[in-house]
Amino acid sequence: MSTFSEQLQEAIRSSGTSRYAIARQTGLSQALLCRFLQGTRGLSLESIDKLMNALGLEIRPRERGGE
Numbered sequence: 001m002s003t004f005s006e007q008l009q010e011a012i013r014s015s016g017t018s019r020y021a022i023a024r025q026t027g028l029s030q031a032l033l034c035r036f037l038q039g040t041r042g043l044s045l046e047s048i049d050k051l052m053n054a055l056g057l058e059i060r061p062r063e064r065g066g067e
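Going by the working numbering, 41 is the number at position 41 of the sequence shown; the sequence numbering is gapless.
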């Protein structure tokens, strides 16, 4: 199972949107996005909210089999 950060990193990479465009849309710096994608920096909840909105993402519970 991957972490939330790993899932968000993958969503950013697979979005087809450049870091520059994401940075402009969210108000986050490209440097911050780069460090987050490299795994050397975490994000604040405010930054996560901005990214989730920009990428059209939502959090949903995972389906659990057999429970």
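Note that beta-carbon positions come from the ideal geometry of N, C-alpha and C, so glycine has one too.
Legend entry - S54 burial status per 10 Å Cβ neighbour count (16 or more: buried): It should be noted that the sequence gives Ala, not Ser, for residue 54. Classification of A54: buried, given that the 10 Å Cβ count is 16 or more.
Inset, instruction - Find out if the Cβ-Cβ distance for the pair R19, Q30 is shorter than 8 Å. - result: yes
Inset, instruction - Look up E63 in the DSSP assignment and say whether it is helix, strand or coil. - result: coil
Legend entry - L57 vs A11 beta-carbon contact at 8 Å: yes
Legend entry - Whole-angstrom C-beta distance between L51 and T26, which should lie under 8 Å: 6 Å
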